[in-house]
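Heads up: the structure comes next, in structure tokens.
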Amino acid sequence: MVDDDAARFALKTELLQHIEILGMQQSLFPTSDEHVDRLVRQLERINPIPRPLQPQYFGSLFGNWQLVYASNGTVVTRQIASTPDFLGVIKIKRVWQRLVASHIETISASNEAKLELPVLGEWQLRADGHWKCGADEKTATVSFDLFSIQVIKPFGLSDLSLPELKIPVLEFLQKEALWITSYLDQEIRIGRGTTGNLFVFRRDVTP
Numbered sequence: 001m002v003d004d005d006a007a008r009f010a011l012k013t014e015l016l017q018h019i020e021i022l023g024m025q026q027s028l029f030p031t032s033d034e035h036v037d038r039l040v041r042q043l044e045r046i047n048p049i050p051r052p053l054q055p056q057y058f059g060s061l062f063g064n065w066q067l068v069y070a071s072n073g074t075v076v077t078r079q080i081a082s083t084p085d086f087l088g089v090i091k092i093k094r095v096w097q098r099l100v101a102s103h104i105e106t107i108s109a110s111n112e113a114k115l116e117l118p119v120l121g122e123w124q125l126r127a128d129g130h131w132k133c134g135a136d137e138k139t140a141t142v143s144f145d146l147f148s149i150q151v152i153k154p155f156g157l158s159d160l161s162l163p164e165l166k167i168p169v170l171e172f173l174q175k176e177a178l179w180i181t182s183y184l185d186q187e188i189r190i191g192r193g194t195t196g197n198l199f200v201f202r203r204d205v206t207p
């Protein structure tokens, strides 16, 4: 146990340092990194919480999590990456996820991103939905029923923000996807999509 704790600490330190060197504009866009993949696989082998969706571990799971790495990007960053010369136009300021209690075997999830566009200011995008926990207590069925967008600090005016635009998704249009939480502790959370996409989150301590 002590050896595993020491190994986890060393692997997490190396992982976060490597991701920091990559920088946000690279780590969140479609670009798989073999070193990150190797470190993550090692961490998954010594996962301290093999069934992270058990209610007894919700205290470790719930809260705000900053996305620090996405092997194939995210829905937002993949769209941005398709824009010519996007690095000179759009800046990703922050991407995070909020998980909170909902009904039995269901977790409310909110995925958010803050972007900065020249002249237009900061834009905040959010997708709200829920996780339905699976029988193996590590896989969840994820769906989203509300999308919203808000312009913050338009035209560089820090004391002004525009009303939030909310777009509900009709039930028959909602799509489901499987999400596997493959590693969880108090600081790091790792998730995988069914297509193999890898996501690394770090607990967000931003006030």
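The letter at position 132 of the sequence shown is residue 132 when you use my numbering, and the numbering goes up by one with no holes. Where a beta carbon is used, it is the ideal one built from N, C-alpha and C, also for glycine.
Of the residues the options, the one placed nearest residue i, counting alpha carbons only
i: I197; options: Q97, F144, A177; result: Checking the sequence shown, residue 197 turns out to be Asn, not Ile. When only C-alpha atoms are compared, the closest one is A177.
i: P48; options: Y69, L184, F172; result: L184
i: N72; options: Y57, R51, I46, Q25; result: Q25
i: N64; options: F144, I188, T195, A140; result: I188
i: Y69; options: E137, S32, E112, H130; result: S32
i: E122; options: E137, F144, D159, E105; result: D159
i: V205; options: G191, T195, Q186; result: Q186
i: T106; options: E34, H18, S182, F58; result: F58
Length of the line joining the Cα atoms of residue i and residue j
i: P84; j: Q54; result: The predicted position of P84 is uncertain, since its pLDDT is 48 and thus under 50; no value can be drawn from it.
i: E20; j: D37; result: 15 Å
i: T74; j: F9; result: 27 Å
i: K132; j: I46; result: 25 Å
i: I90; j: D3; result: 44 Å
i: L229; j: E14; result: Residue 229 cannot be examined here, being either before or after the span of the chain that is shown, 1 to 207.
i: H130; j: L115; result: 24 Å
i: T139; j: I152; result: 35 Å
i: R41; j: S161; result: 42 Å
i: G134; j: S60; result: 18 Å
i: Q56; j: A6; result: 24 Å
i: E34; j: P118; result: 33 Å
i: Q97; j: H18; result: 21 Å
i: E44; j: S182; result: 6 Å
i: P30; j: I190; result: 17 Å
Residue i and residue j closer than 9 Å at C-beta
i: S102; j: S108; result: yes
i: N200; j: L67; result: The amino acid at residue 200 is misidentified as Asn; the sequence shows Val. Yes, they are a contact pair.
i: L99; j: F62; result: yes
i: A113; j: V142; result: no
i: L173; j: I149; result: no
i: I92; j: L22; result: no
i: R51; j: D136; result: yes
i: I180; j: T195; result: no
Distance between beta carbons of residue j and residue i, contact taken as under 8 Å
i: L120; j: P154; result: 7 Å
i: K166; j: L146; result: 6 Å
i: Q16; j: R192; result: Checking the sequence, you will find Leu at residue 16 rather than Gln. Between R192 and L16 the Cβ distance is about 18 Å, and since that is not below 8 Å, they are no contact.
Which full runs of the alpha helix (DSSP H) of 4+ residues lie inside the stretch 13-41, going along the chain?
Runs found: 24-27.
Please give the ranges of any beta strand (DSSP E) in the stretch 86-127, keeping only runs that are unbroken, at least 3 residues long and fully inside the region.
The DSSP assignment places 91-101, 106-117 as complete runs of the beta strand (DSSP E) inside the stretch 86-127, in order along the chain (cut-off: 3 residues).
Which whole runs of the beta strand (DSSP E) in the stretch 129-153 are 3 residues long or more, in chain order?
For the stretch 129-153, whole beta strand (DSSP E) runs of length 3 or above, ordered along the chain, are 139-152.
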